[in-house]
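Novice: My structure is below; once you've seen it, I'll send some questions.
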C-alpha cells in the first residue's frame, strides 16, 4: 500500500493505490482541519492534468500561454526548435540590458516550464549561465525559446496506465548508417525490420543474433538477448564514433586501438580522454563540449549499465 500527499500552502493532492486508505486519511485530516473536496485533480501549481483511457496527460498549456502574454510574445512568429543550431553565446556579446531583471524573471519562468517540457531544458540551462550580467544576445536567445513554446503549448507528458506502460521498442541495430536526417536536419532512426516491442524489465530473446559487430553490447553476444540497455550501449558507441571520427572496430589500427570502446576507456582512465578526438579536426573544437560528448558515450557503454 502506498499513499502520496502533495501539499503547497492550502492546496493538497492525495493519491495512492488503496481507495479505502485514501478515504480514511481524508476523514482523519478533516477532523483537525477545515477541508473542501474539489474532486479529481485538474490543475495544480500550473500543471494541468487530463485523465483519459490511456492514462494521465500532464501539461502546462495555460502557464505557457500566460508566459507568452506576460513577456509580449503572444503574437510572435513560431520557431521549430528552442535554440539556433550551433549557437555559441558569449559572456560579453551584445549590449548590456537596461532591465536585466526582466530577463531573469523570464529565465526563472522557463525553468519552471521544464518541469513538463524537458526538451527545452538544455537551451534554458545555457542562457541561465549568463544571468550575472545578461546582454541583448542572451535576451534574443530566451525569446527564441518562447517562439518555440508558442507553437508547442499543447505539449506535455503522458503517463500511461496498466500494461500499456510496460511496452517499449527495442531497435537492436542502432548504428551511424541507420541514422538519417530529414529536411530540417532532425535525426531519425531507421528501422529495417529488426525493431521489436517488448515489456520493460524483460530481455528480448533472439533466435538469430541481430545487430552489427562493434555496436552490439557484450551481453547480447553472450546471451542472445536484446534489451533497452543494449540499445543504450549501441547509442553510446555511436556517440564515441562521432567524437573519435572512426569505426568501432578498426583492424588496421595499433593493437590497443582496434576496439574503440576499450581504447577510449583506457585513455579516460589515464586522464587523456581528448587524445581520442577525431584527428582530422586538428584540435579545432570546443574541448569541453567534446569531453562531454565522450563522457556521455562512456556512460552508455559502462558495463554496470547493462
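In the working numbering, the protein residues as written are 299 to 604. Every residue, glycine too, gets a C-beta built ideally from N, C-alpha and C.
(1) Could you tell me the boundaries of the alpha helix (DSSP H) in which residue 309 lies?
(2) Report all residues from its chain with a CB closer than 7 Å to the CB of residue 376; omit the five preceding and five following residues, and keep chain order.
(3) Here's a check: name, in chain order, each residue in its chain whose Cβ is nearer than 7 Å to the Cβ of residue 339, leaving out the five neighbours to either side.
(4) Could you tell me how far apart the beta carbons of residue 358 and residue 320 are, in whole angstroms, since I believe they sit closer than 8 Å?
(5) Are at least three pairs of beta-carbons, each pair with one atom in the region 570-588 and one in the region 508-521, less than 8 Å apart?
(6) Quick check: what's the CA-CA separation for residue 256 versus residue 370?
(7) Could you tell me which of 411, 398, 473 sits nearest to residue 437, measuring between CA atoms?
(8) Any idea if residue 559 is buried or exposed, counting beta-carbon neighbours within 10 angstroms, 16 or more meaning buried?
(9) Sorted by chain position, which residues of the same chain lie with C-beta nearer than 6 Å to residue 355's C-beta, five sequence neighbours on each side aside?
(10) What do you get for residue 470, buried or exposed, if any count of 16 or more other CB atoms within 10 angstroms of its CB means buried?
(11) Looking at the structure shown, is residue 400 part of a helix, part of a strand, or coil, going by DSSP?
(12) Per DSSP, what kind of secondary structure is residue 478 in: helix, strand or coil?
(13) With three or more beta-carbon pairs closer than 8 Å as the criterion, would you say the region 511-520 touches the region 528-543?
(14) Within 10 angstroms of its Cβ, does residue 581 collect 16 or more other Cβ (buried), or is it exposed?
(15) Find the nearest neighbour of residue 538 within the set 473, 337, 389, 568, judged by alpha-carbon distance.
(16) What number of angstroms, rounded off, separates the C-alpha of residue 535 from the C-alpha of residue 394?
(17) Going by other Cβ atoms of all chains shown within 10 Å of its Cβ, with 16 needed for buried, is residue 411 buried or exposed?
(18) Confirm, please, whether the CB-CB distance from residue 443 to residue 409 is below 7 Å.
(19) Ends of the beta strand (DSSP E) at residue 361?
(20) According to the Cβ coordinates, are residue 512 and residue 540 closer than 7 Å?
(21) Quick check: what's the CA-CA separation for residue 416 versus residue 331?
(22) DSSP on residue 505, reduced to helix/strand/coil?
(23) How big is the Cα-Cα spacing for residue 521 and residue 601?
(24) Shortest alpha-carbon distance to residue 389 belongs to which of 424, 374, 337, 333?
(25) So for residue 573, helix, strand or coil by DSSP?
(26) Do residue 402 and residue 381 count as a contact pair if the criterion is CB distance below 7 Å?
(27) Taking the alpha carbon of residue 337 as the point to measure from, which residue in 322, 351, 313 has its own alpha carbon closest?
(28) Which whole-angstrom value describes the C-beta separation of residue 309 and residue 342, a residue pair presumed to lie in contact below a C-beta threshold of 8 Å?
(29) Specify, as a first and last residue, the run of the alpha helix (DSSP H) that residue 589 falls within.
(30) Can you tell which of 593, 583, 363, 598 has its C-alpha closest to the C-alpha of residue 526?
Specialist: Reading it off the structure:
(1) No alpha helix (DSSP H) holds residue 309; the beta strand (DSSP E) holding it covers 309-314.
(2) 445, 448, 449
(3) 311, 347
(4) Going by Cβ atoms, the distance from residue 358 to residue 320 rounds to 26 Å, so no, they are not a contact pair.
(5) no
(6) Only positions 299 to 604 of the chain appear in the structure, and residue 256 is not among them; the question remains open.
(7) A check of alpha carbon separations from residue 437 across 411, 398, 473 identifies 398 as the nearest.
(8) buried
(9) 348, 454, 456
(10) buried
(11) Three-state DSSP puts residue 400 in a helix.
(12) strand
(13) yes
(14) exposed
(15) 473
(16) One Cα belongs to residue 535, the other to residue 394, and the distance between them is close to 43 Å.
(17) buried
(18) In terms of Cβ geometry, residue 409 and residue 443 do not form a close pair [threshold 7 Å].
(19) Run containing residue 361: none in the beta strand (DSSP E); it sits in the alpha helix (DSSP H), 359-368.
(20) no
(21) 37 Å
(22) In this prediction, residue 505 has a pLDDT of 45, which is less than 50 and means its spatial position is unreliable; what the coordinates show is noted afterwards. Correct three-state label for residue 505: coil.
(23) 15 Å
(24) 424
(25) Reduced to three states, the DSSP call for residue 573 is helix.
(26) no
(27) 313
(28) 6 Å
(29) 585-599
(30) 598
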